[in-house]
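K.L.:
So the sequence lines, in the order shown, correspond to chains A and B.
Every letter in the first sequence is one number past the one before it in UniProt numbering, and letter 687, counting from 1, is 687.
Every letter in the second sequence is one number past the one before it in UniProt numbering, and letter 595, counting from 1, is 595.
There are 2 protein chains.
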Amino acid sequence: MAHLGDIYSRDPKQDKALSSNFGVDYVISYKVPAKEKAEAEAAFVQLIQALADTGFATEVRHGDNDSLLIFTKIASEKLLINQIYRYRLQDWLYGIRISAPDKDQAKHLQEEPVTEAERLRLTYLLITKPKNEGGAGITAKQGTWKYVETIFPLHDHTFNKNWIKEWSTKYSLDDNDLIQIRDRFGEKVAFYFAFLQSYSTFLVFPAAFGFAAWLLLGQFSWFYAIVNSLWTVAFFEYWKVKEVDLAIQWGVRGASKIQLPRPQFQYEREAQDPVTGELVKVYSPWKRLQRQLLQVPFALACVAVLGSLICSCFAIEIFISEIYNGPFKQYLTFIPTVILTALIPTLSTFLTGFAEKLTVLENYETQDSHQAAFVQKIFILNFITSYLGIFLTAFVYVPFARVLVPYLSVFQTTAQRFTASGKPLPTKQFEVDANRLTNQVIYFTVTAQIVNLVLEVVVPFVKRKVFKTVKEVQTEMSSKKPVTRYQDSEDEKEFLARVRTEASLDEYDVTIDYREMVVQFGYLSLFSVVWPLTGCSFLVNNWIEARSDALKIAIGNRRPIPWRADSIGPWLSSLAFLSWLGSITSSALVYLFHNSKRGPDGSPSSVRGWVLLLTIIFAEHLYLVVQILVRYMVAKLDRPGLQKERAERFAMRKNLLEESLGQDLTEQASGLGVTGGEKITREALEEEQRRASIHGQSHEEAFWQRQRGAAETIQIGRLLISEVGQVASNQTTIQAKQSMKA
Amino acid sequence: MAHLGDIYSRDPKQDKALSSNFGVDYVISYKVPAKEKAEAEAAFVQLIQALADTGFATEVRHGDNDSLLIFTKIASEKLLINQIYRYRLQDWLYGIRISAPDKDQAKHLQEEPVTEAERLRLTYLLITKPKNEGGAGITAKQGTWKYVETIFPLHDHTFNKNWIKEWSTKYSLDDNDLIQIRDRFGEKVAFYFAFLQSYSTFLVFPAAFGFAAWLLLGQFSWFYAIVNSLWTVAFFEYWKVKEVDLAIQWGVRGASKIQLPRPQFQYEREAQDPVTGELVKVYSPWKRLQRQLLQVPFALACVAVLGSLICSCFAIEIFISEIYNGPFKQYLTFIPTVILTALIPTLSTFLTGFAEKLTVLENYETQDSHQAAFVQKIFILNFITSYLGIFLTAFVYVPFARVLVPYLSVFQTTAQRFTASGKPLPTKQFEVDANRLTNQVIYFTVTAQIVNLVLEVVVPFVKRKVFKTVKEVQTEMSSKKPVTRYQDSEDEKEFLARVRTEASLDEYDVTIDYREMVVQFGYLSLFSVVWPLTGCSFLVNNWIEARSDALKIAIGNRRPIPWRADSIGPWLSSLAFLSWLGSITSSALVYLFHNSKRGPDGSPSSVRGWVLLLTIIFAEHLYLVVQILVRYMVAKLDRPGLQKERAERFAMRKNLLEESLGQDLTEQASGLGVTGGEKITREALEEEQRRASIHGQSHEEAFWQRQRGAAETIQIGRLLISEVGQVASNQTTIQAKQSMKA
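Encoded structure:
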């Protein structure tokens with residue numbers, strides 16, 4: 001069995017296997033548990049029928065020992081084109097496209113060729129959407145389809161190989177690279193890389209400035225804090241614009257309006273929509289709100305569980321490293337780190353699972369709202385695990401250590417119980433470790449990042465190796481090779497081996513990558529004033545990160561389904577929150593630690609509550625004002641995306657207007673020109689009036705008949721103007737008389 | 001000359017004059033200065049020609065002594081229909097309308113009849129827009145048209161009469177009333193009344209609750225402050241939604257996207273738009289930004305001028321009322337009030353004029369941006385004049401009086417200079433007036449409101465009366481009646497008299513009315529915790545205000561040009577600002593004054609800076625969190641307007657989809673059904689493969705040929721499934737063996 005880790009070897013036979021996907025759109029991995037063979041068979045028949053009815057060609061091969069692989073492709077080109085055209089039309093109706101697709105389908109497709117991502121996305125929708133909407137209605141792991149393990153597209157290894165190769169030689173991604181990613185993996189993944197790219201580019205500034213600040217200003221510089229805060233605002237506002245820009249360039253602006261229904265959504269009742277008459281599935285929003293309120297206890301529980309764990313480890317650590325002075329000190333110091341390293345991921349995983357369950361319970365109609373709600377929860381989780389420790393050091397340990405440390409004697413008492421002698425443990429005089437905060441920040445921004453990177457790359461690799469070995473051993477140990485009446489044909493052998501490997505890989509989840517970046521941004525925003533080199537560390541880290549993420553998608557995971565997206569979604573508000581919070585923490589840190597006139601116990605002396613609060617208020621509101629100003633300025637800039645949109649809209653408008661109205665807009669009411677019009681005298685007018693009264697003209701008609709044509713109006717107007725002079729001169733005389741009298 | 005103030009008398013002759021507008025669309029009041037008769041005449045000829053060329057019928061009559069009245073109407077019905085249709089099409093193109101107007105113009109107009117407001121608006125545009133866009137290009141008081149005083153539509157007095165009559169008998173406006181206002185005066189005015197109505201309705205709550213709080217909780221209750229703050233959030237969020245809702249109902253959502261160019265805009269150069277190829281007028285945004293920065297010194301100057309005036313009056317007042325104890329005290333007390341009453345409006349008017357000039361200097365392309373920038377400036381002005389006094393009392397006078405009062409002796413010294421005796425003025429011991437704050441708030445929320453109302457109604461009335469009398473006297477004193485060769489015809493006499501009166505009225509400016517309401521909202525949000533009855537006072541005031549505003553539009557002013565609007569525009573952000581600031585001032589006031597444990601000098605004792613700041617921070621952030629929550633909840637609600645929009649969009653989408661795609665979407669790739677497909681055996685398959693290799697089929701083709709049709713896939717799948725069992729049982733055996741060994 002070929003291992004994907006080795007896929008870019010020089011083996012020509014493998015190259016062949018990788019060079020073609022045999023025209024397969026999707027592979028369905030179908031589990032057949034030995035004990036439920038009959039049901040699995042029945043469901044299998046249904047599955048193939050459903051696929052065939054929808055218009056898929058199917059092939060089946062054996063997969064792992066207890067699974068089948070079903071290969072599907074859209075059988076009729078016409079069906080595919082129809083789908084694409086229909087979705088593009090829908091895009092236009094929802095305002096995502098500006099110009100309607102050409103009525104001539106063939107011409108249209110020539111003008112706007114189908115990308116691989118689009119084709120795969122629509123095919124996937126065709127497989128999964130309900131039957132009454134024209135799909136096959138196959139939802140993995142649900143109901144009838146509980147044996148369907150996954151539905152996944154195959155990697156385009158030729159592309160991946162080039163991508164990785166090219167990328168390791170250049171520093172940054174340009175627009176073309178992003179478009180390539182988008183064409184292959186869809187906008188959702190492309191948005192992640194675009195974000196990573198923009199963020200990394202922006203990081204150059206805090207890296208350079210941070211380095212300078214580290215040399216010249218030292219720690220806790222208010223100047224650094226202000227510049228850093230400005231930078232977060234600038235980056236956030238830039239990205240908000242860039243995001244819209246990219247969405248327009250990629251033709252997906254507003255794509256989130258077309259919501260993907262969540263198949264797991266459970267409705268209370270079906271009701272006719274009062275608006276559209278459509279039959280819609282309804283779930284009471286109030287019930288959902290009630291369930292959403294469970295987030296509050298959830299958040300509190302997270303704070304309690306993770307917080308108490310972090311607090312106790314923190315306390316133990318302080319006790320051991322700064323009070324305890326007995327034997328084994330050098331080993332005991334590691335206890336809290338070990339505890340944390342062991343428990344935090346476990347608890348995190350557990351709580352994430354719980355968050356997932358809560359989100360499912362909230363029962364959202366659409367994928368997007370589900371995802372957003374989930375992201376919100378894991379953001380809380382990550383906030384606690386990532387930042388709580390530093391918060392404790394900065395705002396509890398250093399200022400209040402003298403007050404709190406005596407309580408740590410509880411450890412002493414506890415420890416004494418376990419020592420045979422019962423005599424007091426050797427301690428030393430407590431001293432606040434002034435470098436603790438700095439060390440902690442360095443740990444989180446350097447060490448933890450490296451550890452994380454290693455885990456991300458190495459662990460899945462090791463996992464796969466082990467897994468593979470186990471399987472091989474199992475197979476070897478079986479007394480005879482499994483009976484396979486249908487051996488892989490020679491032509492397909494490598495291809496099938498490769499597909500089997502891909503089927504065994506994990507699903508790619510972009511959320512994890514976003515989370516990592518957002519948490520990183522948080523360190524920069526919240527705490528980099530403690531250690532200005534933070535930016536440098538992140539810059540290096542992200543260069544590797546981008547490449548390791550690419551590798552992860554290309555080799556480490558199954559090819560993701562190329563979903564669309566028009567922004568980085570819920571993470572945007574997380575960034576906003578962290579940027580805002582940064583203004584508060586930075587100002588507080590600067591005020592607390594800037595003076596360096598630390599008391600004998602290391603705690604900052606002469607801290608005044610009201611000055612601290614005033615500093616925070618001032619910094620926060622300065623931040624908000626600057627944000628408004630930056631927004632205003634950014635709005636003034638003309639972005640290429642918006643320009644493109646305007647151009648398209650203008651063209652469409654012009655076409656349509658010309659089409660429906662032609663050039664007859666300037667049709668001037670004829671006969672109203674200035675020329676013509678008979679000479680008028682008072683007699684003529686009076687005559688007219690007399691005539692009018694005889695003919696019983698209405699007042700209105702008479703009014704408009706008095707001056708026929710513009711020429712007459714002009715004539716009479718002239719007369720009236722000449723009169724004005726007379727009246728005016730009369731008045732002038734009067735005024736002159738009056739002034740003479742006075 | 002009939003006076004509009006008397007128009008609703010029972011004089012039948014007048015009734016006739018009021019019942020018809022003679023089909024006039026617009027009246028142009030044309031000034032003819034006696035000294036510039038020749039130029040005026042030439043320009044007049046041009047004017048009539050321009051109007052005629054565009055398609056207007058014209059009639060001219062004499063106006064006031066030195067002016068002409070030019071009556072215009074669109075001459076050809078077809079031109080009007082064309083205009084309307086074109087603008088509706090434009091609306092559709094910009095996404096303001098959801099469904100395109102019917103291609104058959106006649107049918108379309110029957111389906112959606114033209115409202116008076118629409119007709120008048122488009123006619124006005126036709127008169128004013130540049131010639132190259134098909135208009136007459138007449139811009140009042142500018143360039144060639146400097147003699148054009150105003151261009152105004154005539155009041156529909158039949159409607160106005162009914163409107164006022166109906167309104168004096170009912171309490172609140174319903175949607176129909178608003179639609180009527182909109183149909184006559186346009187959306188901009190209708191939005192003001194809608195806002196006033198919503199605000200007044202919402203006021204019922206703070207009025208009732210405020211009354212209860214006044215009885216039960218007293219002043220400076222934290223409970224009142226919280227409820228009041230919640231109310232401001234609720235109202236603001238409600239209005240934001242309501243506004244969108246109304247815009248949809250009135251079919252103007254997004255109307256602000258079609259910007260009305262400002263004729264006064266001066267461009268630096270004309271350039272081809274890189275996007276549209278249109279020739280656009282360009283003014284450097286950076287130059288504008290530079291000019292916008294002048295706002296900062298302007299704001300500072302306002303603060304300095306108005307602030308120092310208010311401060312000095314404040315100081316004088318305190319000196320006289322609370323320190324000075326000599327003769328004439330009862331009269332001297334009024335000095336500061338007199339100074340303020342005399343100077344504030346004067347200064348305000350001056351500064352408003354200055355703000356207007358600044359805004360003109362900023363040189364905006366569009367009416368909307370000009371208006372928004374202007375509103376921003378007058379908001380600053382009004383903020384200072386309205387609230388600064390109370391701020392001073394609450395946050396300077398009461399807490400710091402003891403510190404500051406000694407400085408007031410400067411007045412004493414000054415005053416001594418002017419007294420002959422030179423002996424010290426009689427003073428009394430200074431005491432902080434604990435009721436000062438309350439009295440001041442009552443003054444601003446009751447007295448000032450009444451005074452304002454009176455001024456608004458009475459002053460223009462008196463002004464007109466005086467003006468009229470002066471004119472009559474002038475006319476009488478002239479030795480002979482002005483020579484008018486064209487006396488008004490008997491039929492038109494009353495009509496023309498009425499038009500002449502309307503021409504002499506002021507322009508209606510909705511900004512002033514908005515300003516009043518926003519300032520009022522500010523008192524409620526910022527200071528009502530001082531005096532909870534504030535809400536009651538405003539409720540009563542607004543009932544009268546709504547009616548007096550209606551009277552103002554109907555009788556007191558010229559009929560406004562019925563502009564469109566899709567929101568209350570820049571005032572929205574003023575409301576948001578006041579609501580937010582309210583959370584801060586209320587919490588600060590409650591903390592400072594709640595305890596009532598005032599020291600002997602009346603200043604709140606035991607005020608701690610950090611507690612005050614913490615209170616403010618807490619209140620502000622609570623406010624922000626609540627705002628986010630309320631927004632979230634409001635977003636969940638389904639509003640009639642949004643529902644209507646969805647319904648229309650759905651219908652349009654459905655129609656278009658059916659039109660272009662028909663019912664052939666479900667065309668299933670035929671021949672892929674489950675039926676059919678030959679019986680397959682292994683031999684047949686191998687045979688097939690052999691054949692394939694002979695015919696040189698590609699691997700891909702061969703792959704998809706192996707199972708032809710779904711039936712074959714099912715058959716083979718079944719075989720594979722049966723195998724799974726065997727393999728699994730093999731493995732089971734192995735595992736069993738292993739476990740036996742262990």
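Built from N, CA and C at the ideal position, the CB exists for glycine as well.
From a predicted model like this one, the values you see are computed outputs, not experimental measurements.
Name the residue from A/Gly556, A/Glu516 and A/Pro297 whose alpha carbon lies nearest to the alpha carbon of A/Phe538.
P.N.:
Walking along the first sequence from the start, residue 538 of chain A turns up at place 538. Measuring from the Cα of A/Phe538, the nearest candidate turns out to be A/Glu516.
K.L.:
Counting C-beta neighbours from all protein chains within 10 Å, is the total for B/Gly717 16 or more, i.e. buried, or is it exposed?
P.N.:
As a working mapping, residue 717 of chain B is identified with position 717 in the second sequence. B/Gly717 should be labelled buried.
K.L.:
Closest Cβ-Cβ distance between residue 773 of chain B and chain A: below 8 Å?
P.N.:
Here chain B has residues from 1 to 742 only, and residue 773 of chain B is not among them.
K.L.:
Residues in its own chain within less than 8 Å of A/Val233 by CB, not counting five upstream and five downstream?
P.N.:
What you label residue 233 of chain A is simply residue 233 of the first sequence in a count that begins at 1. Ser579, Tyr623, Val626, Gln627 and Val630, listed in sequence order.
K.L.:
Return the chain-ordered list of same chain residues with a C-beta closer than 7 Å to the C-beta of B/Tyr523, the five sequence neighbours on each side being excluded.
P.N.:
For this step, residue 523 of chain B is matched to residue 523 along the second sequence. So the list reads Phe444, Thr445 and Thr534, once near-sequence residues are dropped.
K.L.:
Quick check on the burial criterion: 16 or more other C-beta atoms within 10 angstroms. Buried or exposed for B/Val724?
P.N.:
Counted from its first residue, the second sequence places residue 724 of chain B at position 724. It counts as buried.
K.L.:
With distances taken between CB atoms, is the gap from B/Phe220 to B/Phe593 smaller than 8 Å?
P.N.:
Residue mapping note: residue 220 of chain B aligns to position 220 of the second sequence, counting from 1. Residue mapping note: residue 593 of chain B aligns to position 593 of the second sequence, counting from 1. Yes; because the gap between Cβ atoms is below 8 Å, this pair is in contact.
K.L.:
Confirm, please, whether the CB-CB distance from B/Leu217 to B/Tyr224 is below 8 Å.
P.N.:
Working through the second sequence from its first residue, we reach residue 224 of chain B at position 224. Working through the second sequence from its first residue, we reach residue 217 of chain B at position 217. A Cβ-Cβ contact shorter than 8 Å links B/Tyr224 with B/Leu217.
K.L.:
Do three or more CB pairs link the region 144-153 of chain B to the region 112-132 of chain B at distances below 8 Å?
P.N.:
yes
K.L.:
Give every residue of the same chain whose Cβ lies closer than 8 Å to the Cβ of B/Leu69, excluding the five residues on either side of it in the sequence, and list them in chain order.
P.N.:
In the second sequence, the residue the question calls residue 69 of chain B occupies position 69. Counting only Cβ-Cβ distances below 8 Å, and skipping sequence neighbours, we find Val27, Ile28, Ser29, Tyr30, Val60, Arg61, His62, Gly63, Leu496, Val499, Arg500 and Ala503.
K.L.:
Roughly how many angstroms lie between the CA atoms of B/Val375 and A/Leu453, to the nearest whole one?
P.N.:
Taking the second sequence and counting its residues from 1, one reaches residue 375 of chain B at position 375. Taking the first sequence and counting its residues from 1, one reaches residue 453 of chain A at position 453. Using only the alpha carbons, I get a separation of about 54 Å.
K.L.:
Strictly below 8 Å CB to CB, what residues from chain B border A/Lys636?
P.N.:
Indexing the first sequence from 1 puts residue 636 of chain A at position 636. The answer, in chain order, is Pro285 and Leu289.
K.L.:
Does the pairing of the region 318-328 of chain B with the region 394-411 of chain B give three or more beta-carbon distances under 8 Å?
P.N.:
yes
K.L.:
Write down the C-beta distance between B/Thr366 and B/Gln474 rounded to the nearest angstrom, noting that I regard them as a contact closer than 8 Å.
P.N.:
In the second sequence, residue 366 of chain B corresponds to position 366, counting from 1. In the second sequence, residue 474 of chain B corresponds to position 474, counting from 1. Incorrect: roughly 42 Å between the Cβ atoms, too far for contact.
K.L.:
Determine which residues share a DSSP beta bridge with B/Gln272 and list them.
P.N.:
The residue labelled residue 272 of chain B in the question sits at position 272 within the second sequence. B/Leu279, per the DSSP bridge assignment.
K.L.:
Using a C-beta to C-beta distance shorter than 9 Å, which residues of chain B count as neighbours of A/Ile617?
P.N.:
The residue labelled residue 617 of chain A in the question sits at position 617 within the first sequence. Result: Leu613, Ile616, Ile617 and Glu620.
K.L.:
Using a Cβ cut-off of 8 Å, pull out every chain A residue sitting near B/Ile91, in sequence order please.
P.N.:
Counted from its first residue, the second sequence places residue 91 of chain B at position 91. It should be noted that the sequence gives Asp, not Ile, for residue 91 of chain B. Going along chain A, no residue has its Cβ under 8 Å from B/Asp91, so there is no contact; the nearest lies around 12 Å.
K.L.:
Pull the bridge partners of A/Tyr26 from the DSSP assignment, please.
P.N.:
The residue given as residue 26 of chain A occupies position 26 in the first sequence. According to DSSP, A/Tyr26 bridges with A/Thr72.
K.L.:
Which of the three DSSP states is assigned to B/Glu59 in this structure?
P.N.:
In the second sequence, counting from the first residue as 1, residue 59 of chain B sits at position 59. The answer is strand: DSSP assigns B/Glu59 an E or B state.
K.L.:
Apply the 10 Å Cβ neighbour rule to A/Leu340 and answer buried if 16 or more other Cβ atoms are within range, or exposed otherwise.
P.N.:
As a working note, residue 340 of chain A is residue 340 in the first sequence. A/Leu340 is buried by the Cβ-count criterion.
K.L.:
In angstroms with no decimal places, state the Cα-to-Cα distance between B/Gly641 and A/Arg646.
P.N.:
As a first step, residue 641 of chain B must be located in the second sequence, where it is residue number 641. As a first step, residue 646 of chain A must be located in the first sequence, where it is residue number 646. Near 28 Å, if we compare the C-alpha coordinates of A/Arg646 and B/Gly641.
K.L.:
In the DSSP assignment, what residue or residues form a beta bridge with B/Ser67?
P.N.:
The residue you call residue 67 of chain B lines up with position 67 of the second sequence. Answer is B/Lys31.
K.L.:
How big is the Cα-Cα spacing for A/Glu620 and A/Ile584?
P.N.:
Residue 620 of chain A sits at position 620 when you count from the first residue of the first sequence. Residue 584 of chain A sits at position 584 when you count from the first residue of the first sequence. Computed Cα separation, rounded: 6 Å.
K.L.:
Please report the straight-line C-alpha distance between B/Phe205 and B/Val227, rounded to a whole angstrom.
P.N.:
The residue labelled residue 205 of chain B in the question sits at position 205 within the second sequence. The residue labelled residue 227 of chain B in the question sits at position 227 within the second sequence. In a straight line, the C-alpha of B/Phe205 is about 10 Å away from that of B/Val227.
K.L.:
Please tell me whether residue 743 of chain A has its Cβ less than 8 Å away from any Cβ of chain B.
P.N.:
For residue 743 of chain A there is no data in the structure shown, the boundaries of chain A being 1 and 742.
K.L.:
Could you give the uninterrupted runs of the alpha helix (DSSP H) lying entirely in the region 138-181 of chain A, keeping only those of 4 residues or more?
P.N.:
Within the region 138-181 of chain A, the alpha helix (DSSP H) runs of at least 4 residues that lie entirely inside it are, in chain order, 157-167.
K.L.:
By DSSP, does A/Ala261 sit in helix, in strand, or in coil?
P.N.:
Numbered from its first residue, the first sequence carries residue 261 of chain A at position 261. The question names Ala, yet the displayed sequence has Pro at residue 261 of chain A. Note: A/Pro261 maps to strand in three-state DSSP.
K.L.:
Applying the criterion that 16 or more other CB atoms from any shown protein chain within 10 Å of the CB defines a buried residue, is B/Ser19 buried or exposed?
P.N.:
On the second sequence, position 19 is the one that residue 19 of chain B refers to. Classification for B/Ser19: exposed.
K.L.:
Can you list, in chain order, the residues of the region 700-719 of chain A whose Cβ is nearer than 7 Å to any Cβ on chain B?
P.N.:
Glu700, Ala702, Phe703, Trp704, Arg706, Gln707, Ala710, Thr713, Ile714, Ile716, Gly717, Arg718 and Leu719
K.L.:
Run through the DSSP bridge pairs and tell me what A/Thr413 is partnered with.
P.N.:
Translated into the one-based positions of the first sequence, residue 413 of chain A becomes position 413. Answer is none; A/Thr413 lacks a bridge partner.
K.L.:
What are the start and end residues of the alpha helix (DSSP H) that includes A/Asp513?
P.N.:
One-based indexing of the first sequence puts residue 513 of chain A at position 513. Start and end: Val510 to Phe527.
K.L.:
Is it buried or exposed, B/Asn542, if we count other Cβ atoms within 10 angstroms and call 16 or more buried?
P.N.:
Locating residue 542 of chain B in the second sequence gives position 542, counting from the first residue. With 16 or more Cβ atoms within 10 Å of its Cβ, B/Asn542 is classed as buried.
K.L.:
Between the alpha carbons of B/Ser722 and A/Val45, how many angstroms are there, rounded?
P.N.:
Counting from one through the second sequence, the residue named residue 722 of chain B turns up at place 722. Counting from one through the first sequence, the residue named residue 45 of chain A turns up at place 45. About 13 Å.
K.L.:
Report the three-state DSSP secondary structure of B/Thr366 (helix, strand or coil).
P.N.:
In the second sequence, residue 366 of chain B corresponds to position 366, counting from 1. Of the three classes helix, strand and coil, the one that applies to B/Thr366 here is strand, per DSSP.
K.L.:
What residue does the alpha helix (DSSP H) around B/Ile442 start on, and which one ends it?
P.N.:
Your numbering for residue 442 of chain B matches position 442 in the second sequence. Note, B/Ile442: alpha helix (DSSP H), Arg436 to Ile442.
K.L.:
Just the chain A side, please: which residues come within less than 8 Å of B/Lys37 by C-beta, in chain order?
P.N.:
Here residue 37 of chain B is taken as the residue at index 37 of the second sequence, counted from 1. Chain A residues near B/Lys37: Ile721, Ser722, Val724 and Gly725.
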